[in-house]
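If you're matching positions, the sequence shown starts at 186 in this note's numbering and goes up one per residue. Think of the CB as a built atom: it goes at the ideal place given N, C-alpha and C, for glycine as much as any other residue. Structure first, then comments.
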Amino acid sequence: MVSASPVISGIKMPKKPDLADHFVACSQLGRYLTVFDESRFVITDDFAEEGAVDRTAAAVASIFSNDPLVAEAALLPLGKAAMLKASGERENYEELFSLIEKQALNSSVKESAQSLLESGFREARIREIEGSLGDRLNPARTRYRAFLEIVRHLIEHKITPQLFRDEFLDFTYAVAGRLDFGIYSFCLDRIFGNEEIPMKAKGFLVSELLGFPATIRRELLTNLLTMPGLNKRLSDFVRDAIIQKLGDVAATEIELLAALKTSQMSMDDINNMIDQAAFN
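In structure tokens, the structure reads:
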């Protein structure tokens with residue numbers, strides 16, 4: 186964690202971790218951003234409501250989010266706050282957006298930060314960015330709702346597990362980079378947690394997840410293994426598949442994140458273990 190402890194009368198008082206600290210810790214572990222209690226991933230809607238996320242946390246999210254849609258959504262409330270300031274009172278926001286332009290993980294966020302700076306935080310430019318983000322999000326969310334119908338067909342035995350796997354892959358390719366990672370993850374949670382969905386179909390999905398990019402599969406498999414009431418047969422299958430396909434190192438990373446998610450370890454504990462491993 187990066188938070189410092191304030192000193193009061195010569196005594197160090199531990200600083201209570203806040204959402205910004207939590208986001209930084211997620212980034213240090215190479216994770217997607219989660220809400221403070223680890224119950225779900227952050228999505229774009231979290232930044233749509235005024236005051237729902239404080240500006241410091243929004244700034245951290247815009248720089249460190251692995252989900253470019255979330256990062257760009259986090260930029261918008263900051264731009265609106267800057268717009269409301271008189272032109273002579275925007276120095277802090279100008280410095281912040283200059284930092285975001287230089288440090289953000291995603292190129293589209295860098296470009297948006299630069300354009301807002303150059304426009305002087307004009308409302309028209311903010312609305313253009315909002316509209317562009319909506320143009321990317323809305324078709325993907327429509328596709329997501331259509332895929333939920335496919336899930337229903339599987340439950341009703343109208344399609345086979347093999348066909349469901351094909352539909353899942355088609356859905357994944359269609360929404361990649363266009364749907365909030367948090368919503369995609371929630372969709373998988375609903376599938377794996379539904380006892381009416383055949384185990385064979387779940388096994389097919391696990392096999393596909395093992396081929397996903399490392400950061401994404403780690404988050405999704407961790408979510409699966411920490412799901413309340415997870416079927417033991419499925420849990421054992423997932424752990425065996427991870428070891429066989431990905432190896433012991435990847436399996437250990439996933440188990441550490443699972444321990445974090447179930448509050449058996451803290452972010453600091455895992456950071457310390459990673460630091461120790463680097464010196465061994």
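- When the beta-carbon positions are compared, I285 and S317 stay at least 8 Å from each other.
- A361 and E381 have their C-alpha atoms spaced approximately 27 Å apart.
- For S292, the uninterrupted alpha helix (DSSP H) run begins and ends at 292–304, by DSSP.
- The C-beta distance from F226 to L214 rounds to 14 Å, too long to meet the 8 Å contact threshold.
- Here the alpha carbon of A309 sits roughly 39 Å from the alpha carbon of R375.
- In chain order, R363 place their CB closer than 6 Å to the CB of R321, counting only its own chain and leaving out the 5 sequence neighbours on each side.
- C-alpha of Q347 to C-alpha of K265: approximately 48 Å in a straight line.
- Looking at L405, T437, E341, A205, the one whose alpha-carbon comes closest to that of T241 is A205.
- Residues G378 of the same chain have their beta carbon placed closer than 8 Å to that of G414, with the five preceding and five following residues left out of the count.
- Note on geometry: alpha-carbon atoms of S283 and H342 lie some 54 Å from one another.
- Note: F226 is bridge-paired with T219 in the DSSP secondary-structure output.
- Counting only residues of its own chain and dropping the five nearest sequence neighbours on each side, F356 has a CB closer than 7 Å to the CB of R328, F332.
- The C-beta distance from A258 to F306 rounds to 17 Å, too long to fall under 8 Å, and the pair is not in contact.
- Ranked by Cα distance from N277, the options N416, L302, S297 are led by L302.
- For M384, the enclosing alpha helix (DSSP H) covers residues 384–394.
- In terms of Cα proximity to R402, the closest of L419, M384, L373, P383 is L373.
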